[in-house]
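Novice:
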């Protein structure tokens with residue numbers, strides 16, 4: 087939780103190292119559901135409220151169809167191989183493949199605060215401000231990078247994130263600040 091009146095932003099994570107660490111969590115750690123949440127988050131770009139609402143049945147086809155909680159807009163997300171492989175690993179670790187995915191031993195859905203705390207523990211560093219929102223930003227940075235950091239990529243992301251313009255997406259992903267920093271360093 088942030089202090090009232092303070093400005094807090096989440097940093098993005100390195101996609102490949104985060105994916106690898108999350109896969110290890112799914113395979114070998116008691117936090118295996120959290121590992122799957124991270125894989126799903128960095129590969130779908132969903133907000134934490136939408137991730138926590140997912141059920142096992144939502145991932146049984148080639149796409150996820152949902153109504154986003156924040157925007158109330160319908161969204162269809164193709165399930166890529168990273169998600170499919172991680173989901174198969176998760177299903178090997180759990181007995182019951184029904185109901186909500188992200189539940190505690192008491193069968194209650196994880197809270198956003200709990201997930202934030204665990205993500206900070208597992209993926210945070212002194213240099214990075216990490217939260218559940220870091221997963222969405224990591225997705226955005228990876229899409230931007232995979233599409234050669236083009237304006238077209240920003241247009242796609244702006245649409246995926248339901249931002250009103252690519253300029254907002256650029257600021258959201260921290261790209262604008264990097265460009266400004268480069269101006270000073272080029273002198």
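Residue numbers (our numbering): 87 to 273.
Beta carbons: idealized from backbone N, C-alpha and C, even for Gly.
Please read all numbers here as calculations on a predicted model, not as lab measurements.
(1) Residues in the same chain with beta-carbon distance under 6 Å from residue 92, minus the five sequence neighbours each way, listed in chain order, please.
(2) Can you give me the C-alpha to C-alpha distance between residue 120 and residue 210, rounded to a whole angstrom?
(3) Quick one: grab the DSSP three-state call for residue 195.
(4) Do we get a CB-CB distance below 8 Å when we pair residue 176 with the residues of chain B?
(5) For residue 145, which residues in the same chain have their Cβ closer than 7 Å to its Cβ, ignoring the five residues on either side in sequence?
(6) Cα-Cα, which of 157, 205, 149, 224 is closest to residue 111?
(7) Across the stretch 136-155 and the stretch 178-195, are there enough close Cβ pairs to call them in contact, namely three or more that are closer than 8 Å?
(8) In whole angstroms, what is the alpha-carbon distance linking residue 154 and residue 213?
(9) Assign residue 151 to one of three DSSP states: helix, strand, or coil.
(10) For residue 269, count the other beta carbons within 10 Å of its own beta carbon; 16 or more makes it buried, fewer makes it exposed. Which is it?
(11) For the stretch 89-133, list the alpha helix (DSSP H) runs that are entirely contained and at least 4 residues long, ordered along the chain.
(12) Count the other CB atoms within 10 Å of the CB of residue 274; is the residue buried (16 or more) or exposed (fewer)?
(13) For residue 104 and residue 224, which I take to be in contact (beta-carbon distance under 8 Å), what is that distance rounded to the nearest angstrom?
(14) Assign residue 272 to buried or exposed, taking buried as 16 or more other Cβ atoms, counted over all protein chains shown, within 10 Å of its Cβ.
(15) Going by DSSP, name the residue or residues bridged to residue 142.
(16) State buried or exposed for residue 248, treating a residue as buried only when at least 16 other CB atoms are found within 10 Å of its CB.
(17) Which one of 177, 189, 235 has the shortest CA to CA distance from residue 252?
(18) Count the other C-beta atoms from every protein chain shown that fall within 10 angstroms of the C-beta of residue 133, then say buried if there are 16 or more, exposed otherwise.
Specialist: Taking the geometry as given:
(1) Low per-residue confidence applies at residue 92: pLDDT is 45, beneath 50, and the placement is therefore not dependable, though the value from the model is reported in the following sentence. There are no such residues.
(2) 14 Å
(3) strand
(4) Absence of chain B from the displayed structure is noted, only one protein chain being present.
(5) 165, 173
(6) 205
(7) yes
(8) 31 Å
(9) strand
(10) exposed
(11) 101-114, 118-130
(12) A question about residue 274 goes unanswered here, because the residues of the chain that appear run from 87 up to 273.
(13) 6 Å
(14) exposed
(15) Residue 142 is not bridged to any residue.
(16) exposed
(17) 235
(18) buried
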